[in-house]
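A quick write-up on the structure given underneath.
In the working numbering, the protein residues as written are 1 to 276.
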């Protein structure tokens with residue numbers, strides 16, 4: 001099965017382009033038989049960038065949401081206004097009321113539209129927690145078990161429990177895409193809140209196939225030395241041939257990954273294409 005990935009939204013854009021960069025992520029996934037839009041960025045660039053890259057998102061067989069943060073779902077309203085009815089694959093917690101705390105400034109960080117509004121625009125939500133194959137050769141991780149003790153989400157990302165108490169957001173809705181290509185599995189990350197190592201271990205456990213490429217947001221920007229070192233170790237353990245990082249990886253960790261992996265590494269900026 002041939003696979004083509006095109007990054008539609010990222011913090012940066014490829015050199016010499018008229019594309020719009022924004023803090024967020026979106027990727028258009030094409031295989032021989034299906035097309036999917038994975039995330040929608042924060043909404044500033046996705047329509048413009050898709051048009052500029054000659055990608056017709058109306059052709060998507062569905063939309064996949066990695067999780068419920070605004071910088072991955074903000075373009076959903078404008079996308080649905082363009083496409084009309086589409087299946088939207090997501091974890092049931094994707095509409096949880098999420099918050100962030102940046103230097104004691106609390107802000108809302110969840111989906112900006114009500115589920116009912118998105119449904120009126122044509123969003124047909126398919127909620128699922130389990131690892132699942134949505135079409136032949138394309139899988140969603142669903143809820144990834146947190147089995148290690150070093151990939152911990154920061155307390156600055158939080159929710160309120162039923163008693164009104166502020167607690168760290170468990171981010172159970174973090175969801176990645178896995179594509180079974182002729183050269184091995186391609187793992188497309190939205191933000192990797194579940195932890196890159198947890199995700200890779202879970203994917204390998206489920207499919208028991210070599211992991212050929214990892215592309216997307218790794219959430220390593222906030223990683224300490226131990227987490228970064230063990231993530232590098234996982235990339236080496238699985239002998240991943242292509243590592244394309246976006247969004248929440250951060251420039252320092254991106255540079256460190258380049259130094260570790262050289263020609264296996266690339267920046268998955270807006271406009272970048274990856275084909276197998």
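Here a beta-carbon is modelled for each residue, glycine too, at the ideal position from N, C-alpha and C.
Item                                                                                              : Value
Backbone CA spacing between residue 41 and residue 51 [nearest angstrom]                          : 15 Å
Endpoints, alpha helix (DSSP H) assigned at residue 201                                           : 196-207
Beta-carbon gap between residue 87 and residue 59 smaller than 7 Å                                : no
Three-way DSSP call (helix, strand, coil) for residue 238 in this model                           : coil
Within 7 Å, strictly: CB atoms of residue 178 and residue 139                                     : yes
Assigned exposure category for residue 288 - 16 Cβ within 10 Å defines buried                     : As displayed, the chain neither begins before 1 nor continues past 276, which places residue 288 out of reach and without an answer.
Through-space distance from residue 102 to residue 152, alpha-carbon basis                        : 18 Å
At least three beta-carbon pairs within less than 8 Å, the stretch 142-149 to the stretch 107-119 : no
Identity of the residue in 8, 66, 189 nearest residue 55 by Cα                                    : 8
Closest residue to residue 267 among 244, 135, 213 (Cα-Cα distance)                               : 244
Identity of the residue in 240, 232, 81, 241 nearest residue 249 by Cα                            : 232
Three-state secondary structure assigned by DSSP to residue 229                                   : helix
Anticipated Cβ contact below 8 Å, residue 240 with residue 212, distance rounded                  : 7 Å
Which of helix, strand or coil DSSP assigns to residue 92                                         : helix
Where the beta strand (DSSP E) containing residue 275 begins and where it ends                    : 273-275
Rounded separation between residue 274 and residue 242 - CA only                                  : 10 Å
Distance between beta carbons of residue 276 and residue 181, contact taken as under 8 Å          : 4 Å
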